[in-house]
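Peer 1: Quick note: the sequence shown uses the working numbering, first residue 444, plus one each step.
All residues carry an ideal CB built from backbone N, CA and C; glycine is no exception.
Take a look at the following structure, please.
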Amino acid sequence: MKFLVDVRITDREAAKPYLPAHLEYLNRHFENGDFLLFGAYVHGEGGMLIAQSESIDSLNLLLQADPLKKGNCATWETLEFRVARAVTKLAD
């Protein structure tokens with residue numbers, strides 16, 4: 444199953460100490476294949492990721508470990524979707 448996760452930072456100042464650990468968390472899950480793509484919004488108010496997981500429950504369990512979640516300075520919206528088409532290279 445594929446999911447779009449929209450992450451919105453609710454308090455930028457409170458989030459700052461958690462950002463290095465958040466980036467490590469994202470990279471770790473990218474390297475092991477949980478996250479297929481991630482990036483920050485240009486305006487700096489959060490970011491998004493595309494994840495794959497067996498279920499939304501297992502993904503939500505994984506997302507609970509995000510340092511921004513532990514710091515209570517961001518919100519998440521998770522939407523399941525089906526891929527219709529995709530390019531092989533997205534990064535600039």
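(1) Does the distance from the CB of L447 to the CB of F524 come in under 9 Å?
(2) With contact counted as at least three CB pairs below 8 Å, one residue from each stretch, are the stretch 449-459 and the stretch 507-518 in contact?
(3) Thinking just about the alpha-carbon of each residue, which of R455, E488, R471 is nearest to the one in D509?
(4) Using DSSP bridges, identify the partner residues of E520.
(5) With a CB to CB cut of under 7 Å and the five nearest residues on each side skipped, what residues in its chain are close to G584?
(6) Give me the Cα-Cα distance between A494 and D477, rounded to the nearest whole angstrom.
(7) Quick one: using the 10 Å Cβ neighbour count with 16 as the cut-off for buried, is S496 buried or exposed?
(8) Taking all protein chains shown into account, decide if L522 is buried (16 or more other Cβ within 10 angstroms of its Cβ) or exposed.
(9) Alpha carbons only, please: which of N475, K512, L479 is nearest the one belonging to A464?
Peer 2: Reading it off the structure:
(1) For the purposes of this step, residue 447 is identified with residue 4 of the sequence shown, where counting begins at 1. For the purposes of this step, residue 524 is identified with residue 81 of the sequence shown, where counting begins at 1. Yes, the pair counts as a contact, with Cβ atoms nearer than the cut-off.
(2) Counting Cβ pairs under 8 Å, three or more are found: they touch.
(3) Taking the sequence shown and counting its residues from 1, the one referred to as residue 509 is at position 66. Among R455, E488, R471, the Cα nearest to that of D509 belongs to R471.
(4) Numbered from 1 along the sequence shown, position 77 holds the residue referred to as residue 520. DSSP, once it has assigned bridges, lists D449 as partnering E520.
(5) Within the shown structure, residues of the chain are numbered from 444 to 535, placing residue 584 beyond reach of any answer.
(6) Taking the sequence shown and counting its residues from 1, one reaches residue 494 at position 51. Taking the sequence shown and counting its residues from 1, one reaches residue 477 at position 34. Straight-line Cα distance between these residues: approximately 6 Å.
(7) As a working mapping, residue 496 is identified with position 53 in the sequence shown. Buried, because 16 or more other Cβ atoms sit within 10 Å of the Cβ of S496.
(8) Translated into positions along the sequence shown, residue 522 becomes position 79. Classification for L522: exposed.
(9) On the sequence shown, residue 464 is found 21 positions in, with the first residue counted as 1. Ranking N475, K512, L479 by Cα distance to A464 puts K512 first.
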